[in-house]
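**Q** What follows is a single structure, and I will ask about it in a moment.
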Amino acid sequence: MSDLASHKAGLQGIDKEKVNQVIYEASKNSAFYLNEARKDEALNHKTEQLLKKYEALRRQDLSTFNNKVDNLVQAIERKRDLSRTIVHIDMDAYYASVEERDNPSLRGKPMAVGSNSMLSTSNYEARRYGVRSAMPGFIAKKLCPELIIVPCNFDKYHAVAKQIREVFARYDPNYTPMSLDEAYLDITEYLETTDKTPDEIVEQIRKEIHEETKLTASAGIAANMLLSKICSDFNKPNGQYRLPNNINDIMRFIRPLPVRKIPGIGRVTERILKAIDISTCGAILDNSVYLYRMFSSISFNFFIRAALGIGSTTVKSEYKRKSMSISRTFCNLSQPNELFAKLRELVDYLAADLAKEYLHGKTIALTFKSVSFKVTTRERSLKRYIYTADDLYHFGKQVSSI
DNA sequence: GGCCGTTAA
DNA sequence: TAGTTTAACGGCC
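Just so you know, the first sequence maps onto residues 1 to 402 in the UniProt record's numbering.
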């Protein structure tokens, strides 16, 4: 079950067995691990049910659906837009690279950014030991005792984000930032102002980023956001990859691609698809009738679009947030009064954050994580919008005790 | 509408 | 000894 994300950059060619063994030894008696095992069991059950459904379908004659599904696939295909040139740019080992830049004594050594309880990023030296983001520091230390863990310096990462966004804006003023270190650019218009090729322009963007921040970035260039994101991973670190806006090249690229490479398909969906013997995008297309019969139309559409290499081409800078939240892990507490005091602390912060953006909300949700890592949510839609700390506390308290 | 689970950075 | 935080979205009842 301990599941090393070896599809991530920098993790190829390591002794995965050994790494998993060390992680397992460090984890096996923990409440966290027990909870993961429980989730895993639930997933096994789900895949078994799905497999049964699949086997039942295989015994049926599905030819009556072939036409319908072909039409659906063709309708999706007709929406393919090859007119744009979309770039996905991703900074290499972002936080770790910033720290190495500012402290040369860290260079060449395995290091990670974060804390003993959680790592945000690791550099490539640390990745060779199996140390990766979203891994607790204390486990990383077992994999690599020499590992240096540097605390996060968010002010710095924000400052660098500002610098790289200035570069992005030169090529697409409507670029979409996805996080501090990642963005999509539509360079179609920019290309009309120059004789340079897309590859040359992206080399230039990465060069400017390097000159202005002393940090490297990787990039993918393709017809849409889905493909450019996948491509930005291809020549990481400090590289770029271009997939031409051409249906033959796209299909040759996407067919053999493992489904896990599709943004939105994670560990669980990969396992679900694997249960019905689908592990590549090509297999999604070859089994479209089964997917049609087994999944919702939203999921079916998502799978087919991805497997055809069709993605959004609308890169836009406006963003409307739909929710705002705050969460903290704290020492074990069980007395209602202690928990309400925590609630009060959190709503004070949340009210301040809401005020910064002049926001209010109509639904309040409270999430608890128990010592056994089980998560429960309680929520309520209210009659009016709220935003003050007192209201958040009042309704939060109410919701918590439904 | 309420709650759970998945994904991603 | 110890396993984060924030946001969005889909499925299911």
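The beta-carbon is built from N, C-alpha and C at its ideal position, and this holds for glycine as well.
Let me know if residue 206 comes out buried or exposed under the rule of 16 or more other beta-carbons within 10 Å of its beta-carbon.
**A** buried
**Q** For residue 45, which three-state DSSP category applies?
**A** Residue state, collapsed to three classes: helix.
**Q** Apart from the five residues just before and just after residue 100, which ones in its own chain have a Cβ nearer than 6 Å to its Cβ?
**A** 106 and 107.
**Q** Could you tell me which uninterrupted alpha helix (DSSP H) segments, each at least 4 residues in length, are contained entirely in the region 118-177, listed from first to last along the chain?
**A** 124-127, 137-143 and 154-171
**Q** What's the C-alpha gap between residue 223 and residue 245?
**A** 5 Å
**Q** Helix, strand or coil, according to DSSP, for residue 394 in the structure here?
**A** helix
**Q** Could you check whether residue 293 and residue 57 sit closer than 8 Å to each other, using their CB atoms as the reference points?
**A** yes
**Q** Using the C-alpha atoms, what's the distance from residue 327 back to residue 358?
**A** 20 Å
**Q** Quick check on DSSP: helix, strand or coil for residue 56?
**A** helix
**Q** In the DSSP output, which residue or residues are listed as bridge partners for residue 90?
**A** Paired residues: 182 and 218.
**Q** What whole-angstrom Cβ distance do residue 315 and residue 185 have, given they're in contact under 8 Å?
**A** 7 Å
**Q** If you follow the beta strand (DSSP E) that residue 324 is in, where does it begin and where does it stop?
**A** First-last for residue 324: undefined, no H or E at that position.
**Q** Comparing alpha-carbon positions, which option in 355, 203, 125 and 322 lies nearest residue 168?
**A** 203
**Q** Leaving out five residues on either side along the sequence, give the residues of the same chain with a beta carbon under 7 Å from the beta carbon of residue 135.
**A** 119
**Q** Would you tell me roughly how many angstroms separate the C-alpha atoms of residue 401 and residue 341, rounded to the nearest one?
**A** 15 Å
**Q** Excluding sequence positions up to five away, which residues of its chain have a Cβ less than 7 Å from the Cβ of residue 129?
**A** 110, 143 and 144
**Q** Using three-state DSSP, classify residue 381 as helix, strand or coil.
**A** Here residue 381 sits in strand by DSSP.
**Q** Pick from 287, 237, 95 and 153: whose alpha carbon is nearest that of residue 255?
**A** Here the closest residue by C-alpha is 287.
**Q** If you run the structure through DSSP and keep just helix, strand and coil, what is residue 258?
**A** strand
**Q** For residue 347, tell me which candidate among 354, 324, 183 and 389 has the shortest Cα-Cα distance.
**A** 389
**Q** Can you give the beta carbon distance from residue 98 to residue 54, rounded, assuming they're within the 8 Å contact cut?
**A** Contact between residue 98 and residue 54 fails: their C-beta atoms lie close to 47 Å from each other, not under 8 Å.
**Q** When you compare the region 231-248 with the region 210-223, are there three or more beta-carbon pairs, one atom per stretch, that lie closer than 8 Å?
**A** yes
**Q** In whole angstroms, what is the alpha-carbon distance linking residue 384 and residue 377?
**A** 21 Å
**Q** For residue 335, which of helix, strand or coil comes out of DSSP?
**A** coil
**Q** Buried or exposed: residue 300, going by 16 or more other Cβ atoms within 10 Å of its Cβ?
**A** buried
**Q** Can you check whether the CB of residue 262 is closer than 8 Å to the CB of residue 306?
**A** yes
**Q** Does DSSP put residue 22 in a helix, in a strand, or in coil?
**A** helix
**Q** Hey, residue 102 and residue 217 are a contact pair by Cβ (cut 8 Å); roughly how many whole angstroms apart?
**A** Not quite, the Cβ-Cβ distance comes to about 17 Å (not below 8 Å), so this is no contact.
**Q** I need the DSSP call for residue 85, collapsed to helix, strand or coil.
**A** coil
**Q** Do the CB positions of residue 174 and residue 317 come within less than 8 Å of each other?
**A** yes
**Q** With DSSP collapsed to three states, give me the class of residue 2.
**A** The predicted model places residue 2 with a pLDDT of 44, which falls under 50 and marks its position as unreliable; any figure quoted below should be read in that light. In the structure shown, residue 2 sits in coil (DSSP, three-state: anything other than H, G, I, E or B).
**Q** Relative to the C-alpha of residue 123, which candidate in 116, 139, 147 and 117 has its C-alpha closest?
**A** Of 116, 139, 147 and 117, the residue nearest in Cα terms is 147.
**Q** Among residues of its own chain, excluding the 5 on either side of residue 114, which ones have a beta-carbon nearer than 7 Å to its beta-carbon?
**A** Setting aside the 5 residues that flank it on each side, residue 114 is surrounded in the same chain by 120, 137, 149 and 152, each with a C-beta closer than 7 Å to its C-beta; the list follows chain order.
**Q** May I have the straight-line CA-CA distance separating residue 363 from residue 14, to the nearest angstrom?
**A** Near 46 Å, if we compare the C-alpha coordinates of residue 14 and residue 363.
**Q** Buried or exposed for residue 213, going by 16 or more other Cβ atoms inside 10 Å?
**A** buried
**Q** Distance check for residue 265 and residue 96, CA to CA, integer angstroms please.
**A** 26 Å
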